[in-house]
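Asks: UniProt numbering numbers the first residue of the sequence shown as 1 and each following residue consecutively.
Glycine included, every Cβ here is placed at the ideal spot set by N, Cα and C.
To start, I am sharing the structure in question, which I have written as structure tokens.
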Amino acid sequence: MNDASHPPPGAGAAVYTCPMHPQIRRSGPGTCPICGMALEPLMPALDDDNPELHAMQRRFRLSLPLTVLLMVVAMGGHRLLPPGWPQHWIELVLSTPVVLWAGGPFFVRWRDSLRNRSPNMWTLIGTGVAAAYGYSVAATVAPGIFPAALAADGMAGVYFEAAAVIVSLTLLGQVLELRARARTSLAIKALLGLAPARAHRLREDGAVDEVPLADVRVGDRLRVRPGDKVPVDGVVLEGESAVDESMLTGEPVPVSKRPGEKLIGATINTSGSLVMRAELVGAHTVLARIVELVASAQRSRAPLQRLADVVAGYFVLAVTAIALLTLLGWGWFGPQPGWAYGFLNAVAVLIIACPCALGLATPMSVMAATGRAATQGILFRDAAAIEALRKVDTLIVDKTGTLTEGKPAFERVIAAPGTSEQDVLRLAASLDQGSEHPLAQAIVREARRRGLPLATPERFESASGIGVRGSVAGRRLALGNTRLMEQEQVDWLGLAAQSEALRQQGASVVFLALDGRLAGLVALADPLKAGTPGAMRALRDAGLRVIMATGDGMTTARHVANQLDIGEVVGEARPDTKLDLVERLQQAGKVVAMAGDGINDAPALARADVGIAMGSGTDVAINSAHVTLVKGDLRAIARARQLSVETVRNMRQNLAFAFLYNALGIPLAAGVLYPFTGQLLSPMVAALAMSLSSMSVIVNALRLRVRRA
């Protein structure tokens with residue numbers, strides 16, 4: 001399954017699954033025990049060699065000439081064959097390879113459906129073909145055993161051509177379906193194709209070795225030349241360049257990269273030469289995670305699919321009963337030869353009512369939509385997220401890292417009487433070395449830029465959502481917002497005026513307490529992301545109620561909210577505050593989405609109807625969310641929501657078509673128009689209609705691949 005030169009990131013042993021029932025997992029090719037559909041690789045590879053497709057193509061190509069010849073003999077044998085030649089025996093010889101060899105896999109699936117007590121499309125096809133062929137063999141070998149009621153023109157009729165044509169048309173339908181299903185994995189294959197085959201690794205003496213990508217290890221220094229793809233995720237050590245990340249993030253403008261900045265594997269270095277350090281390799285890279293998320297989402301089941309699965313199971317039983325009633329009704333009440341008409345119509349009912357289109361209706365839509373979304377930097381965790389996003393009417397957004405860049409820049413430090421600014425910054429940075437919060441990192445960066453000596457904290461404790469506590473050089477420290485100061489019983493009012501002025505300018509302010517007394521404050525600014533104002537307008541235009549919830553104080557929060565015309569703000573919000581907000585809105589009947597990037601957002605992301613994580617955020621946030629925006633651009637929420645609307649509409653179109661097709665097809669196959677037209681629906685026409693119905697569902701779903709969300 002895997003390409004030797006381009007293995008899927010993190011690929012292991014080949015695992016196969018059913019596109020309609022993703023809970024099925026097998027270590028090799030086969031058929032689904034529930035629906036009988038051919039299993040396919042859980043993770044596509046660039047050189048996918050589909051054995052099921054090849055087998056169906058071979059059986060179709062070899063059976064088609066025999067089927068055509070059989071049709072000629074069946075329809076004109078009395079004129080074409082020499083007198084005395086046994087036409088029925090010739091039809092038997094021609095049809096047997098088609099039915100028993102070419103149609104062999106269908107009978108295996110038919111048997112499995114009975115053995116597993118899981119009625120499906122193969123139950124109907126196998127029963128119909130077996131009935132037509134078995135009856136015809138008996139009528140040829142021992143015609144005398146049949147009553148006159150089953151005879152036409154004085155002899156028992158045979159339906160070899162019907163059985164063979166049904167097999168050939170079903171094979172054709174399988175070939176077309178397997179080809180179309182393969183197209184839904186093109187997005188994953190395109191992602192797999194992004195990874196370079198080799199990397200240029202630097203040795204200690206400065207020489208460069210060209211090594212396979214699989215040999216790159218964490219910590220390796222790699223050279224990325226202009227025009228090369230970045231081999232793995234890492235950080236720039238030397239050089240400056242612009243990197244095209246559009247293939248993973250959807251952002252068309254190349255991103256400037258300098259020493260210390262992150263690189264994403266499979267992106268393209270457009271200009272200068274870079275030296276990077278590998279930090280994430282194999283299954284841990286952004287590309288590998290994207291591939292895994294897309295594949296997982298494509299295999300998940302939408303809520304609409306669960307309904308379709310339940311209906312399909314009862315549907316097969318109902319169709320079998322209708323076919324039996326058709327046989328009996330024509331035999332007892334129809335014109336002569338009633339039993340012959342009844343038999344043909346019963347077979348036609350079994351074939352035309354095949355629920356393949358019903359089963360494919362939602363999986364095809366989900367696979368096409370997730371593939372399209374991935375090319376735009378939108379990753380859905382599962383099909384339920386796609387279906388739920390369109391219903392969202394309220395969006396809660398975090399500020400830092402979501403609305404803003406999440407990379408605050410140091411603004412200024414103010415010391416309380418008796419403390420120097422240098423000491424305030426040095427102590428705050430020493431304590432913050434143990435924190436991954438963007439504000440903490442900005443403080444540490446400024447202290448190091450100034451060359452301040454930082455001490456290792458003896459104790460560090462995160463006060464979730466409000467700051468940090470610890471001790472440095474034997475001194476007890478607390479660094480955070482006013483709520484933390486109040487918990488520590490520290491009087492911060494001496495710097496209240498200065499902090500308020502800074503907040504009104506949009507800065508975030510953190511207070512430093514030293515041994516229970518206020519030592520000073522540090523102000524940091526966090527600029528808005530370039531796309532945030534446009535994203536907020538688009539979301540409001542879409543009818544969403546937007547609420548900002550942030551751990552910052554209300555003054556800073558309102559400054560940002562005013563810039564974005566956000567009317568509802570919750571400041572100094574801890575993780576439990578955000579979680580409570582989500583729950584209160586849900587209890588009020590709202591369908592809530594939460595967008596965030598930090599560990600403190602994880603509880604609300606998990607509790608929301610749809611959690612939306614920024615791709616630049618923490619692993620905890622991403623794992624708690626239902627949707628990930630690779631670039632972290634909120635404009636993608638509007639695109640994702642529109643794609644959700646289009647996908648659910650597409651699912652409903654497919655389901656409606658499948659139900660309508662069967663609602664019209666079954667009565668026609670049963671012969672309801674015969675009293676008015678004198679015409680019956682041939683089982684061969686029913687087989688063709690069955691294949692076309694499945695193809696129409698697949699083609700409709702694939703339209704999502706070319707729609708701009």
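(1) Mind checking N654: buried by the 16 CB within 10 Å criterion, or exposed?
(2) Could you round the C-beta distance between L194 and L222 to whole angstroms and report it? I think they count as a contact, below 8 Å.
(3) How about A132: is its C-beta nearer than 8 Å to some C-beta of chain D?
(4) Roughly how many angstroms separate the alpha carbons of residue 739 and T123, rounded to a whole number?
(5) Please return the same chain residues whose Cβ sits closer than 8 Å to the Cβ of S273, not counting the five positions on each side in sequence.
(6) Quick one: any contact between the region 322 to 332 and the region 86 to 106, if contact means 3 or more CB pairs under 8 Å?
(7) Go ahead and pull the three-state DSSP assignment for R258.
(8) Taking 7 Å as the cut-off, is the C-beta of R639 nearer than that to any heavy atom in the ligand ZN?
(9) I'd like to check one pair, D552 with D398: are the Cβ atoms closer than 8 Å?
(10) In three-state DSSP terms, what is I698?
(11) By DSSP, does I166 sit in helix, in strand, or in coil?
(12) According to DSSP, simplified to helix, strand and coil, what is T419?
(13) What residues match up with P41 in a beta bridge as DSSP calls it?
(14) Assign V281 to one of three DSSP states: helix, strand, or coil.
(15) Could you work out which residue in L403, Q422, G418 and T404 is closest to R412 when comparing CA atoms only?
(16) So H200 is in the beta strand (DSSP E); what residue range does that whole segment cover?
(17) Whose C-beta lies closer than 8 Å to the C-beta of V275 among residues of the same chain, with five residues either side of it excluded?
(18) Return the chain-ordered list of same chain residues with a C-beta closer than 7 Å to the C-beta of V281, the five sequence neighbours on each side being excluded.
(19) Following the continuous beta strand (DSSP E) through A523, name the residue where it begins and the one where it ends.
(20) Whether or not the region 546 to 564 and the region 444 to 456 are in contact is what I'm after, with contact meaning three or more pairs of Cβ atoms, one per stretch, closer than 8 Å; do they touch?
(21) By alpha-carbon positions, which one of D228, E500, S168 and Y135 ends up nearest to P196?
(22) Would you mind sorting E52 into buried or exposed? The rule is 16 or more other CB atoms within 10 Å of its CB.
(23) Is it true that the region 589 to 597 meets the region 383 to 393, where meeting means three or more beta-carbon pairs spaced less than 8 Å apart?
(24) Going by Cα to Cα distance, which pick from M56, R25, H54 and P33 is closest to P41?
(25) Which residues share a DSSP beta bridge with S499?
(26) To the nearest angstrom, how far is the alpha carbon of S693 from that of A658?
(27) On a Cα-Cα basis, can you pick out the residue from V68, L518, P533 and L287 that is closest to P417?
(28) Pick helix, strand or coil for V235, following the three-state DSSP scheme.
(29) Quick check: A669 and I352, are their CB atoms within less than 8 Å of each other?
(30) Counting C-beta neighbours from all protein chains within 10 Å, is the total for W89 16 or more, i.e. buried, or is it exposed?
(31) Would you mind reading off the limits of the alpha helix (DSSP H) that contains A640?
(32) May I ask you to report which of helix, strand or coil DSSP gives K578?
(33) Tell me the residue span of the beta strand (DSSP E) that contains E210.
(34) Please state if the CB of V129 and the CB of V99 are separated by a distance shorter than 8 Å.
(35) Just verifying my parser: in three-state terms, what is the DSSP assignment at I396?
(36) State buried or exposed for T285, treating a residue as buried only when at least 16 other CB atoms are found within 10 Å of its CB.
Replies: According to the structure shown:
(1) Classification for N654: buried.
(2) The pair is not a contact, with the Cβ atoms about 17 Å apart (cut-off 8 Å).
(3) Among the chains of the structure shown, chain D does not appear; only one protein chain is present.
(4) For the chain, the structure presents residues 1 to 709; residue 739 sits outside this window and is missing.
(5) R223, V224, R225, P226, G239 and S241
(6) The region 322 to 332 vs the region 86 to 106: no contact.
(7) coil
(8) As presented, the structure is devoid of all ligands, the ligand ZN included, so that no description of it is given.
(9) no
(10) helix
(11) Per DSSP, reduced to three states, the secondary structure at I166 is helical.
(12) coil
(13) Y16
(14) coil
(15) Of the listed residues, the one whose Cα sits closest to R412 is Q422.
(16) R198 to L202
(17) L202, R221, L222, R223, V224, V236, L237, E238 and G239
(18) The beta carbon of V281 is closer than 7 Å to those of V216, R217, V218 and V232 in its chain, skipping five residues each way along the sequence.
(19) R517 to A525
(20) no
(21) D228
(22) By the neighbour-count definition (other C-beta atoms within 10 Å, threshold 16), E52 is a buried residue.
(23) yes
(24) R25
(25) According to DSSP, which records beta bridges pairwise, S499 is partnered with nothing at all.
(26) 7 Å
(27) L518
(28) Under the three-state reduction of DSSP, V235 is assigned to strand.
(29) Taking C-beta atoms as the reference points, A669 and I352 count as a pair closer than 8 Å.
(30) exposed
(31) R635 to A670
(32) helix
(33) Boundaries of the beta strand (DSSP E) harbouring E210: V208 to P212, taken from the DSSP string.
(34) yes
(35) In the structure shown, I396 falls within a strand segment according to DSSP collapsed to helix, strand and coil.
(36) T285 should be labelled buried.
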